[in-house]
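All you need for the working numbering is the position in the sequence shown, starting with 1, plus 1. For each residue, glycine too, the CB sits at the ideal point set by N, CA and C. Report on one structure; see the data block that follows.
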Amino acid sequence: MNFPFLGASAQALMHRIDCWRFAGRRADYYEYLAALLSGMQGARTLRDIFLHDARRHGRSSLRGRLSQAWLHGFQAAGGDLHATWAGCFSPSELALIRTAQAHGNAALAETLAALSGAQRLAEQAGRILSSTLWSSVIAMALLASMLAAVPLYTLPGLLQAFAAVPASFHGPRTQALSALAGLLQAHWPLLAVLGAGGGALLLWSIPNLGGRLRRKLDRHMPWRLYRDVQALRFLNFQAILLDGDEAGPLPLRTALAMQKLGASPWLAGHIDAMLARIDSGLAGPDTFDSGLMDRELFWFFSDMAMARGLRAGLRLGAERLRGHVLDTLARRAAVLRWCILLSCLGCLLALALWHYAVVDELRRSLMIFYASQ
C-alpha cells in the first residue's frame, strides 16, 4: 500500500484502519488459506498467495491493499507470518500461528482452520447475545430514564399540582419519593460513574480476573461463555501441537508453554496451573484439571483420553463442547433476557404505583389541610 502523495504517518494510519476493517473478515480468510494450503500441498507458497491476491484485487480494494502490504512484510520478515500480520490480527492468534508455522505446512493449515472455526463460533455467540439481549438493554435504559425523570419532572409536577399542601402535611410515601428524588439529584454523577465503572469492571474481569471469585463467576454468564469459547480453542490447538511434525510429537509441557504465548491473563493462569500439576508429578488428562473445563466435560475428556489417547480425547472434548456452547448459550441468553425484562418491568410498575399512591396521599392531605383551617 503506497500512496506517494501521503506521508508515512498517514499511510500507517490508513494501514491500521484497513487492518481494523479486515479483522471482522478473518474467519473467512483463515478458512480460505487453510483450504488453499492443504489442497495445494506446497505447490503455492504464502508469498505466491499474497502476490496473487494483490494482483487480483488491486489497490482499490481492502483485500488488495492488505495483500500488497503483507507481501512486502512477508519478504522483509523472512517468511514469518507473526511479523507479517502483526497489528492486523490478535496477539494470541498470531502466537498460535507462529508456533504452527514452525511445525510445517500441515500444522499451519490445521491451525488456520481451527482459528476460523473458533472465530465463527465467537461470531455466532455474539449474534445470539445481541439478538436476544438488545431488548433488555432498552428496558434498562427506559428504567434509568424513568428514575432520572423523578427529580426532574414527575415529583416537581406533583408538588406544583398540590402546592397548597404544606410540607408538614406530606405523608410517608410522599416523603420517601422526595428523599429518592433528592438522592438521585444530589448523587447522579456518582451513580453514573458507578454504573459506567461497573460495566468497565465487568468487561475487564472477563479476560483478566482469576482466583476463587472467578471460579464462582465461571458458573454464570458472560464468564461461562468466555470460558467455554476459550476452552474450545485451547483443546483444538493443544491437539494440533501434540500431533507434532516430522521431528515427532511435542512434549506436553512444551505444548502448554507454547499456548501461553499471547494468552489472556485468565487463560495464562490456567496454563500455569497445568504446568504446576506436571511439576507435581501428574500426567495425562489429570494435567488439565485446572477448572478450564466444567466437571462434566472434564470427566468426558478424561474417559476419552484414557480409552483412545490424549490427542483423541482433546479433539472429542472440543467437538462435544462446540455443540454444547451454542445450544446452552441460546437458552441462557433467553433466561437472562427475561430475568432482566421482568425485573425492569417490576421496577417500572412499582415506580408507577408509587406515584399513584403519592397522588392519592397528597389528595387526602389536601382534604385534611382544608378541613383543619
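Inter-residue Cα distance where the pair is residue i and residue j
{"i": "R128", "j": "A331", "result": "10 Å"}
{"i": "A306", "j": "I207", "result": "29 Å"}
{"i": "V360", "j": "C345", "result": "23 Å"}
{"i": "Q42", "j": "T288", "result": "35 Å"}
{"i": "I369", "j": "V166", "result": "9 Å"}
{"i": "L315", "j": "A180", "result": "59 Å"}
{"i": "R22", "j": "S62", "result": "12 Å"}
{"i": "R99", "j": "Q260", "result": "11 Å"}
{"i": "G310", "j": "I272", "result": "20 Å"}
{"i": "R333", "j": "M222", "result": "8 Å"}
Beta-carbon spacing of residue i, residue j below 8 Å
{"i": "L72", "j": "F51", "result": "yes"}
{"i": "F163", "j": "L352", "result": "no"}
{"i": "L322", "j": "D219", "result": "no"}
{"i": "A126", "j": "L327", "result": "yes"}
{"i": "L143", "j": "Y31", "result": "no"}
{"i": "A182", "j": "L156", "result": "yes"}
{"i": "V151", "j": "L185", "result": "yes"}
{"i": "A256", "j": "L243", "result": "yes"}
{"i": "A335", "j": "T133", "result": "yes"}
{"i": "A101", "j": "A108", "result": "yes"}
{"i": "A1", "j": "L236", "result": "Here the chain covers residues 2 to 374 and nothing more, so residue 1 does not appear."}
Residue i - partner residues in DSSP beta bridges
{"i": "A1", "result": "Any question about residue 1 goes unanswered here, given that the chain covers just 2 to 374."}
Whole-number beta carbon distance between residue j and residue i, since they are thought to touch under 8 Å
{"i": "S93", "j": "S265", "result": "7 Å"}
{"i": "R17", "j": "G88", "result": "7 Å"}
{"i": "A28", "j": "R121", "result": "5 Å"}
{"i": "F301", "j": "P286", "result": "Between P286 and F301 the Cβ distance is about 10 Å, and since that is not below 8 Å, they are no contact."}
{"i": "N209", "j": "W135", "result": "About 26 Å separates the two Cβ atoms, so there is no contact after all."}
DSSP three-state assignment for residue i, whether helix, strand or coil
{"i": "P157", "result": "helix"}
{"i": "P286", "result": "helix"}
{"i": "Q374", "result": "coil"}
{"i": "G249", "result": "For G249, the pLDDT reaches just 49, beneath the cut-off of 50, and the residue's location in the model is therefore unreliable, although a value from the coordinates is still provided. Looking at G249 - three-state DSSP - the assignment turns out to be strand."}
{"i": "L327", "result": "helix"}
{"i": "A277", "result": "helix"}
{"i": "S366", "result": "helix"}
{"i": "Q120", "result": "helix"}
{"i": "R60", "result": "coil"}
{"i": "P321", "result": "Sequence inspection shows Arg at residue 321; the Pro mentioned does not correspond to that position. Here R321 sits in helix by DSSP."}
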